[in-house]
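Residue numbers (our numbering), protein chains in the order written: chain A, 1 to 288; chain B, 1001 to 1335; chain C, 2001 to 2311. Each residue gets a CB set at the ideal place from its N, CA and C atoms; glycine is no exception. From a predicted model like this one, the values you see are computed outputs, not experimental measurements. Written below as structure tokens is the structure these notes are about.
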Amino acid sequence: MDNAMAVTVLQQHHRKRFNQRSQTIMYMTFGCSFLLAIAVIGTMVGDIAITTNFTQKNLLPSMAHPFGTDWLGRDMLFRTLKGMSISIYIGLFASVISAVIAAILGAAAATLGRKVDAVITWLVDLVMGIPHLLLLILISYALGRGTLGVIVAVAISHWPILTRVIRGEILQLKEANYVKVADKLGRSKVEIAVKHMIPHVFPQFLVGLVLLFPHAILHEAALTFLGFGLPPEQPGIGIILSESMKYLSLGMWWLALFPGLVLLMTVLLFDLVGGSMRKIIDPHSAHD
Amino acid sequence: MNIGQYSGIFQYIGKSIIKITSLLIAVSILSFILVSLSPVDPIRAYIGEVGMANITAEKLAKLEAYFGLNTPPVERYWNWFSDFVQGNMGSSLLYRQPVASVISVKFMNSMVLMITAWIFSGILGFTLGIIAGLYRGRWIDKLIKGYSLLIASTPTFWLALVLLMIFSVWLQLLPIGLSVPIGVNAAEVSIFDSIKHLILPALTLSVIGVAGITLHTREKMIDIMGEDYILFAKALGKSRISIVRHHALRNIMLPAITLQFASISEIFGGSVLVEQVFSYPGLGKAAVSAGLGGDAPLLLGIAVISAALVFTGNFTANILYGFIDPRIRRGSIHG
Amino acid sequence: MPCINNKHILQINNLSVAFTQYEQGLKQVELKVIRDLNVSVHTGEIVAVVGSSGSGKSLLAHAILGILPPNCNAVGNVIFEDELLTSARIQELRGKKIVLVPQSVTYLDPLEKVGKQVRKEKDEESICKKQEELFAFYKLQQNVGELYPFELSGGMARRVLLTTAMMESPRLIIADEPTPGLHLEAAKKAMRHFREFADKGNGVLLITHDIELALEVADRIAVFYAGTTVEEALVADFQSVDMLRHPYTKALWRALPQNGFQPLPGNQPYVKDMPKGCSFGPRCLRFTPECKGDIQEQTLRCGTVRCIHAE
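Here you go:
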């Protein structure tokens, strides 16, 4: 056997410069900083955002006012930041509530027996039967169309899909060999749950939670855009955009473009972070 | 035709119809509860603030009786339900017409918009998703994936506003809103006019719809390309085109159908926003007006009809599955 | 290969297959699942690559056929009928001269009729005729072609997979665990098709974990341990432990039920924790410090072995 003999290359795999995990860390760092910045700045500039100045009204974007000013002379950059931070807070709050509901229902469906499972699955089908935005309108309507109505509506309507995911995950785990073996070996149900199931379900839950944020934020913005919820004095992004509609035909394009772009970027960032996290926990792409 | 061969399918259809009916009833109950919980006063919505200031006590009492405000909720629901199944959905407070006729008019408008967007986003999304999944990791995949992610993160109503600004305000190519030109006699509205008014709303809905379908189709395609039978097909020496044509496409049909019919719910939600921006007189805009204006019967009617639409879509998808998947089709004989 | 007068159909030299995987944190490392593997198949023989389940043997089949997943690196020399194959050439030959017979019906498209899949979706008369002949030869009823994969019994599925492989008169069959879960007698019966194929002057590379089956049907055994072949021996050598060369093979022999059923303590090392030099070293009674160095393959009495203490 000649060791110096050259070997043919049958296949070559080119690794990415930044592997998946590094990418995720990058997204998470950048994403969290950006969102934190918006939230913090937004909270701090509250007063400037609502200060009217009639000498400065309807200005195009410039160095002094990067996003221009509106018909009351309010600076659009600060208004947008303030509005975005409100939307982010509401979105975060609503997502956490929805995720917790989903975790409880999903776990209950998978572990408390056939009847409970049937009821919860039927509930999921029921809530998913009404188009989401319409359901939000209904809930908001039921609660009197105010701010509370919007927050509650978004918080209690995002659980169905995550419930299905968690339920599916736990059901699969229950069938896994190592769980069955642990059970036969006499481990208590609690021990099995903590040691074997939670490490598998928790990443899915976390990813599901992160991916809920963009949906919740978009829906809250949509609801307020339509006219439900936050009063015009509180500049949520949806309201800023719906008000801009009145001035569109007058050609004041910056009133809609910039706030929307900021909303888009926020949602996109959350989507990217969530997507990266999902790739890491998915066994098919976990080692990319 | 041997009935026995298809008995499995008939059984399945029967069961599904029962399930859908029970779900629809539940939806109507849920919606009824939500609508009734509202602190919004239907009388105030009906006659307005000015009317409220001027009304006499006896007229108020009559109206209260008419709206059944003093009857217990279960009785009210039962009245509504028995009317509903006979085709009477109550009276719209805002439009002063039977809810059923308001809905049927706006339903047609919404249908045209939604079906256009549904077909367009379905075909384009399917194609792009397959290409991206097939060439995973290459630049075409990155392009499609990146574009779809961007669009999927875009607020529907903002995109509608941007398109409105560009095409209607700035370029003045397309109308600003509504579904027909203002001031034109209904009989004189041409098909060309209707289409012009449909373009922007349909375009917005389609663009947003494509993104979701592309991303999901791409995922399914990647799953399929990793299956054992694809590996064996390669081992048998089949070319990539042959593998896609004979194996991947057929196997992706089933999840694609589910995806397509599931997108009905999303498209309806999008239409609510799009109709608002373009003042397009469809179900979505009516729902918003009903919600803001306190028109409970109309809102309730729209909720139930839209849920019926979603359920019908899912049902259709399941039926198609039964015909396409031989395991379901033949499973009933071989057990 | 000494002592065998037939020509080589297949010769594999220094085949290595590696995956990238994450260590702790952000670093990715290359894991060699197959390392410097050598194996050969002559005309008329069945060579069984025997190793424990999940040790990467299927990758050997995929590497030869050029159908490894995209995140692998693979190097090595694959020589088929005296021709050194390039990836392009492998693409031309697979499915025709070199074929794969997989384990189970999951390797068939669930939504396509079996007959069409056997014919590779071609409908020319000559191909249809060939399919009918092969079905008859393997005792499959003609209407089996109209069934879907989920309607096939285990035995029918095996014969269908075999038919698919035989459609273009191959020279080399690579059989990847073709009889999963079958007990010995049934498996032997299923394997007789492969015996007939080999006896006509072709070659079969059988990949399996079932050593008893291998001893019954194969001509030579290649023992697979920790990613490489530690010994290639004639089946006849397994009649007595003294005729075997590598300590691992001897341990395998002793573990057989008819030879005392003695297990060897320890496990195959994980790819990540591969010991330096001989991978069997930590479990070997004859281990010496030189075993940590580079171990070359030697020829010994009509077989090959990777061990400096081979006898």
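**Asked** Taking a cut of 9 Å between CB atoms, which residues from the segment 244 to 268 of chain A lie near chain B?
**Response** Per Cβ criterion, the list reads S244, M245, L248, S249, L250, G251, W253, A256, L257, P259, G260, L261, L263, L264, M265, T266, V267, L268.
**Request:** For Q2028/C, I'd like the list of residues in its chain whose CB is within less than 8 Å of its CB, leaving aside the five on either flank, ordered along the chain.
**Result:** For Q2028/C, same chain residues with a beta-carbon under 8 Å away, outside a window of 5 residues either side, are T2020, Q2021, Y2022 in chain order.
**Item:** Pairwise C-alpha distance: A2222/C and V2050/C
**Value:** Rounded to the nearest angstrom, the two C-alpha atoms are 6 Å apart.
**Secondary structure of P1073/B, DSSP reduced to three states** = DSSP, read as helix, strand or coil, puts P1073/B in helix.
**Request:** Taking all protein chains shown into account, decide if F1268/B is buried (16 or more other Cβ within 10 angstroms of its Cβ) or exposed.
**Result:** Answer is buried; the Cβ neighbour count reaches 16.
**Prompt:** Residue ranges of each alpha helix (DSSP H) run of no fewer than 4 residues wholly in the segment 2179 to 2265 of chain C, ordered along the chain?
**Reply:** Runs found: 2184 to 2199, 2211 to 2217, 2247 to 2255.
**With 16 other Cβ atoms within 10 Å as the buried cut-off, status of L250/A** = When all chains shown are included, L250/A counts as exposed.
**Asked** Using a Cβ cut-off of 7 Å, which residues of the segment 2135 to 2161 of chain C contact any Cβ in chain B, in chain order?
**Response** Hits within the stretch, in order: Y2148, F2150, E2151.
**Those residues which DSSP pairs with G2303/C across a bridge** = Paired residue(s): L2300/C.
**Request:** Please state if the CB of G236/A and the CB of I101/A are separated by a distance shorter than 7 Å.
**Result:** Against a cut-off of 7 Å, the Cβ pair of G236/A and I101/A comes out as no contact.
**Prompt:** According to the neighbour-count rule (16 or more other Cβ atoms, all chains shown, within 10 Å of its Cβ), is T2228/C buried or exposed?
**Reply:** Counting of Cβ neighbours within 10 angstroms places T2228/C among the buried residues, the total reaching 16 or more.
**Asked** Taking only beta-carbon atoms, is G2303/C less than 7 Å away from chain A?
**Response** Residue-level contact by beta carbon fails for G2303/C and chain A, as no gap is shorter than 7 Å.
**Asked** What's the gap between the Cα of V273/A and the Cα of T24/A?
**Response** Using only the alpha carbons, I get a separation of about 7 Å.
**Item:** Residues from the segment 4 to 25 of chain A in contact with chain C, defined by Cβ distance under 9 Å
**Value:** Here the close residues are M5, A6, V7, T8, V9, L10, Q11, Q12, H13, R15, N19, Q20, R21, S22, I25.
**Asked** Can you list the residues of chain B that D2109/C reaches, using a CB-CB cut of under 8 Å?
**Response** Chain B residues near D2109/C: Y1229, A1233, H1246, H1247, R1250, N1251.
**Sub-7 Å separation of Q2268/C and A2226/C beta-carbons** = Closer than 7 Å, so yes.
**Prompt:** Is there contact between the segment 258 to 267 of chain A and the segment 214 to 223 of chain A, where contact requires at least three CB pairs shorter than 8 Å?
**Reply:** Yes, since at least three Cβ pairs between the segment 258 to 267 of chain A and the segment 214 to 223 of chain A fall closer than 8 Å, the two stretches touch.
**Message:** Helix, strand or coil, according to DSSP, for K279/A in the structure here?
**Reply:** In this structure, K279/A counts as helix in the three-state DSSP scheme.
**Message:** Per DSSP, what are the beta-bridge partners of F2019/C in this structure?
**Reply:** Answer by DSSP bridge pairing, in chain order: L2031/C, C2072/C.
**Request:** Apply the 10 Å Cβ neighbour rule to N2259/C and answer buried if 16 or more other Cβ atoms are within range, or exposed otherwise.
**Result:** Answer is exposed; the Cβ neighbour count stays below 16.
**Asked** Quick one, which of G1226/B, A1053/B, T1204/B, I1213/B has its alpha-carbon nearest R1136/B's?
**Response** Restricting attention to G1226/B, A1053/B, T1204/B, I1213/B, the CA atom closest to the CA of R1136/B is found in G1226/B.
**Prompt:** When the cut-off is 7 Å and only beta carbons count, does R1076/B lie next to chain C?
**Reply:** Interface with chain C (7 Å Cβ-Cβ cutoff): R1076/B is excluded.
**Prompt:** DSSP beta-bridge partners for D1193/B?
**Reply:** In the DSSP output, where bridge partners are listed per residue, D1193/B has none listed.
**Message:** With the cut-off set at 7 Å, would you say L1113/B and A1202/B are in Cβ contact?
**Reply:** Going by C-beta atoms, L1113/B is nearer than 7 Å to A1202/B.
**Selected residue, minimal CA-CA separation from E1275/B, among P259/A, F258/A, L226/A** = Relative to E1275/B, the option among P259/A, F258/A, L226/A whose CA is nearest is L226/A.
**Request:** Would you be able to state if there are at least three C-beta pairs under 8 Å between the segment 1137 to 1154 of chain B and the segment 1318 to 1325 of chain B?
**Result:** As far as the Cβ criterion goes, the segment 1318 to 1325 of chain B does not touch the segment 1137 to 1154 of chain B, which means the pair count is below three.
**Item:** Straight-line Cα distance separating K2120/C from D2199/C
**Value:** If I take the Cα positions, the gap works out to 27 Å.
**Request:** Under 8 Å by Cβ, that's how I've got L1034/B and I139/A pegged, so tell me the actual separation to the nearest angstrom.
**Result:** Contact between L1034/B and I139/A holds: CB atoms are separated by about 6 Å, below the 8 Å threshold.
**Request:** Give the interface partners of A1307/B over in chain A, defined as CB-CB distance under 7 Å, in chain order.
**Result:** Correct list: G129, I130.
**Item:** Contact belief for C2302/C with L2234/C at Cβ below 8 Å, rounded distance in angstroms
**Value:** With a Cβ gap of about 6 Å, C2302/C and L2234/C count as contacting.
**Message:** I'd like the list of long-range same chain contacts for I1224/B, defined as Cβ closer than 6 Å, with 5 residues on each side in sequence excluded.
**Reply:** If we look at I1224/B and ignore the five residues flanking it on each side, its Cβ neighbours are A1248, N1251, I1252.
**Asked** Taking 7 Å as the CB-CB cut-off, is I137/A touching chain D?
**Response** Note that chain D does not occur in the displayed structure, where the protein chains are A, B and C.
**Request:** State the beta-bridge partners of R2094/C as determined by DSSP.
**Result:** DSSP lists I2098/C as partners of R2094/C.
**Message:** Is the separation between the beta-carbon of F1311/B and that of Y2107/C shorter than 7 Å?
**Reply:** Between F1311/B and Y2107/C, the C-beta spacing is not below 7 Å.
**Rounded distance between the beta-carbons of E220/A and I90/A, thought under 8 Å** = E220/A and I90/A do touch by the CB rule: their CB atoms are close to 5 Å apart, below 8 Å.
**Request:** Quick one: give me the first and last residue of the alpha helix (DSSP H) that I1151/B is part of.
**Result:** Per DSSP, the continuous alpha helix (DSSP H) segment holding I1151/B begins and ends at 1139 to 1152.
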